[in-house]
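Numbering (my numbering), first residue to last: 24 to 614.
Built from N, CA and C at the ideal position, the CB exists for glycine as well.
It should be emphasised that the depicted structure is a prediction, and the values quoted were computed from it without experimental measurement.
The next block holds one structure in the form of structure tokens; read it before the comments.
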């Protein structure tokens, strides 16, 4: 049972004291509590090598662990050391590793604390989600991709539209704050928050049936849960960007969400978020195709103290549900795009100059974008997998021109759009290694016949799709290794099964899985597969690496995900099981 108001820290401590007086099991929890070392903002900004303290380990979104005990030479000796079943539902969770404990988000807003060495359960929190939530949120409510840690608390957002904090040592509720009344302004929280200088920063997928009010980025005080600010992603009348909706009434503007996890630059004090498509997607149904409909499919740099938009860049005026909310990689690098592989280049670039950039594949198109992260200036962009929705990007301004032949102009029109609405790229994260100054991206060769329609039973995007493998290949899955400096392809791995999330390590390796249950280790420099195991079910979680008492571990989860099912249908001969499990690997212990 939960409350509709914040729970004070003093009240929590009193409750804990009562438990100590009345319950023997609480004594052991209290003992763990006294040993817990609080996590500070300084630790989040510069974590110990053996810790994994957030979704991509660091606030720059790299998905990189500096641990190097497991390396190119010995990865073939990697062995499973324990496994544990997870709760049923769509399983895409990322463990946090700290103090010898894994904090694992399970489906349906269940969080577990698990001994990181043995796999034994320490505590479990099950949130009481009302039975009618799915009626308002419209699916995917079991997904819980990540959680945050700060001080002595595990912090998350839930699909009853609350933010909440648990005591990391016991799992007891410390505070909770209502974000929305889900019956009036439903918002889906498939991804959790980060903590940036003591502020819990969270995004969400705002459901289109109730208008724009839930389409916001929010900041809360990590200590108390008090709301600090909220930033609209759909401008209200009189706000900058209002004119970009072409006169569409405010209450009819919908679905520009930010449903993945932000990045944060503490020196610039900027939070970087990406946004999704409108509903409906075809713009002739929403004020006209010439309107930009800000701030959909954009990167926004927000002042972390106020939520004000410092700059934005729109990647696509989207008619095909090709969202752009994915990880933003914050890298300091020389910028020298190689014209033979990089299609769109800012002519003002001084080749070789070091810039603070935000880079990666932010959206489903699979296009790599590199922007100056202080100003938002466009630097360069290039294609990866087959895409036909963008015809040009102006190098001098960064303005994107969509393929006019594919922009819907009437209901009943059908086009072949590449990629499909599951990418290209989707929520499955890539990784960046400072050892090679290279990003590694799990991308898919898939397109779709798309029909603009409002017929009953079709999606709220006003689209019906029929997916297919991209023309000219039978390989759905890829890993693209791309230089952050030059944009050149360092290596390319292709395979039949669709690829999933990756992690890079200091041992010169990239670990990642696929929808066929194979979990692999690639050489960062060459792309050679050095190790592989069949985990039986699609590898749907975000892999991590951590260390306890000097021993390095690799952890990854399997289970179910809508993207895994979709890509599985493109390769019907691939028939994995669908078990939700957490697997942990390490090298054999020496005598």
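Checklist entry - How many Å lie between residue 209 and residue 277 at the Cα? => result Roughly 12 Å between the two C-alpha positions.
Item to check | Buried or exposed (CB count within 10 angstroms, at least 16 for buried), residue 128 | outcome: Classification of residue 128: buried, given that the 10 Å Cβ count is 16 or more.
Item to check | Helix, strand or coil at residue 154 according to DSSP, with G and I counted as helix | outcome: Correct three-state label for residue 154: coil.
Checklist entry - DSSP beta-bridge partners for residue 111? => result Bridge partners of residue 111: none, in fact.
Checklist entry - In whole angstroms, what separates the C-alpha of residue 385 from that of residue 505? => result Answer to the nearest angstrom: the Cα atoms are 14 Å apart.
Item to check | Span separating the alpha-carbon of residue 231 from that of residue 181 | outcome: Those two C-alpha atoms are separated by around 19 Å.
Next on the checklist: At the level of alpha carbons, what is the spacing between residue 445 and residue 586?
Outcome noted: The straight-line gap separating the alpha-carbon atoms of residue 445 and residue 586 is approximately 6 Å.
Next on the checklist: Here's a check: name, in chain order, each residue in its chain whose Cβ is nearer than 6 Å to the Cβ of residue 359, leaving out the five neighbours to either side.
Outcome noted: Excluding positions up to five away in sequence, the list reads 374, 375, 508 and 509.
Item to check | Per-residue DSSP class, three states only, for residue 64 | outcome: It is helical.
Item to check | Own chain residues within Cβ distance below 7 Å of residue 594, not counting five before or after | outcome: Closer than 7 Å at Cβ, skipping near neighbours: 499, 519 and 520.
Item to check | Residue(s) in a DSSP beta bridge with residue 319 | outcome: Residue pairing for residue 319: DSSP places it in no beta bridge.
Checklist entry - Can you name, in chain order, every residue of its own chain whose Cβ lies under 7 Å from the Cβ of residue 97, other than the five neighbours on each side? => result Close CB contacts of residue 97 within its chain, under the 7 Å cut and outside five residues either way in sequence, are with 610 (chain order).
Item to check | Inter-stretch contact at 8 Å, needing at least 3 Cβ pairs: the segment 557-576 / the segment 596-610 | outcome: Yes, since at least three Cβ pairs between the segment 557-576 and the segment 596-610 fall closer than 8 Å, the two stretches touch.
Checklist entry - Are the Cβ atoms of residue 243 and residue 324 separated by less than 9 Å? => result Taking a C-beta distance under 9 Å as the contact criterion, residue 243 and residue 324 do not qualify as a contact pair.
Checklist entry - In this structure, does DSSP put residue 367 in helix, strand or coil? => result If DSSP states are grouped into helix, strand and coil, residue 367 belongs with the strands.
Item to check | Residue of 296, 477, 379 and 530 minimising C-alpha distance to residue 255 | outcome: Ranking the options by Cα distance to residue 255, first place goes to 296.
Next on the checklist: Tell me the DSSP secondary structure of residue 437 in three-state form.
Outcome noted: Residue state for residue 437 is assigned as strand, using DSSP reduced to three classes.
Checklist entry - Which runs of the beta strand (DSSP E) fall wholly inside the segment 238-325 and span at least 3 residues, in chain order? => result Listed in chain order, the beta strand (DSSP E) elements of length 3 or more contained wholly in the segment 238-325 are 239-244, 250-255, 286-288 and 293-297.
Next on the checklist: Could you tell me the alpha carbon to alpha carbon distance between residue 153 and residue 250, rounded to whole angstroms?
Outcome noted: When rounded, the distance between both Cα atoms is 23 Å.
Next on the checklist: Just list the residues that DSSP pairs residue 490 with in beta bridges.
Outcome noted: Here residue 490 is bridged, per DSSP, to 471.
Item to check | Beta-carbon spacing of residue 463, residue 533 below 9 Å | outcome: Yes, they are a contact pair.
Checklist entry - Out of curiosity, what's the CA-to-CA distance linking residue 613 and residue 216? => result Going from the Cα of residue 613 to the Cα of residue 216 covers about 39 Å.
Checklist entry - Whose C-alpha, out of 198, 160, 132 and 106, is nearest the C-alpha of residue 148? => result Of 198, 160, 132 and 106, the residue nearest in Cα terms is 132.
Item to check | Rounded separation between residue 144 and residue 361 - CA only | outcome: Residue 361 has its alpha-carbon roughly 51 Å from the corresponding atom of residue 144.
Next on the checklist: I want to know whether the segment 283-290 touches the segment 71-87 - three or more CB-CB distances under 8 Å.
Outcome noted: As far as the Cβ criterion goes, the segment 283-290 touches the segment 71-87, which means the pair count is three or higher.
Checklist entry - Under the DSSP definition of a beta bridge, which residues are partnered with residue 604? => result Beta-bridge pairing links residue 604 to 108 and 581.
Item to check | Local conformation of residue 231 per DSSP, three classes | outcome: Per DSSP, reduced to three states, the secondary structure at residue 231 is helical.
Checklist entry - Under three-state DSSP, which class holds residue 500? => result DSSP places residue 500 in strand when its eight states are reduced to three.
Next on the checklist: Here's the rule I'm using: 16 or more other beta-carbon atoms within 10 Å means buried, otherwise exposed. How should residue 204 be labelled?
Outcome noted: Classification of residue 204: exposed, given that the 10 Å Cβ count is below 16.
Next on the checklist: Is it buried or exposed, residue 61, if we count other Cβ atoms within 10 angstroms and call 16 or more buried?
Outcome noted: Flag for residue 61 reads exposed.
Checklist entry - Exposed or buried, what is residue 591 when buried is set at 16 or more other beta-carbons lying within 10 Å of its beta-carbon? => result Under this definition residue 591 is a buried residue.
Checklist entry - From 419, 260, 280 and 220, pick the residue whose C-alpha is nearest to that of residue 272; which is it? => result Nearest of 419, 260, 280 and 220 to residue 272, Cα basis: 260.
Checklist entry - Comparing alpha-carbon positions, which option in 377, 366 and 570 lies nearest residue 511? => result Measuring from the Cα of residue 511, the nearest candidate turns out to be 366.
Checklist entry - Just the Cα atoms here: how many angstroms apart are residue 118 and residue 313? => result Residue 118 and residue 313: Cα-Cα distance of roughly 43 Å.
Next on the checklist: Let me confirm a value: residue 479 is counted as buried when at least 16 other C-beta atoms fall within 10 Å, else exposed. Which label applies?
Outcome noted: Classification of residue 479: exposed, given that the 10 Å Cβ count is below 16.
Item to check | DSSP beta-bridge partners of residue 174 | outcome: 62.
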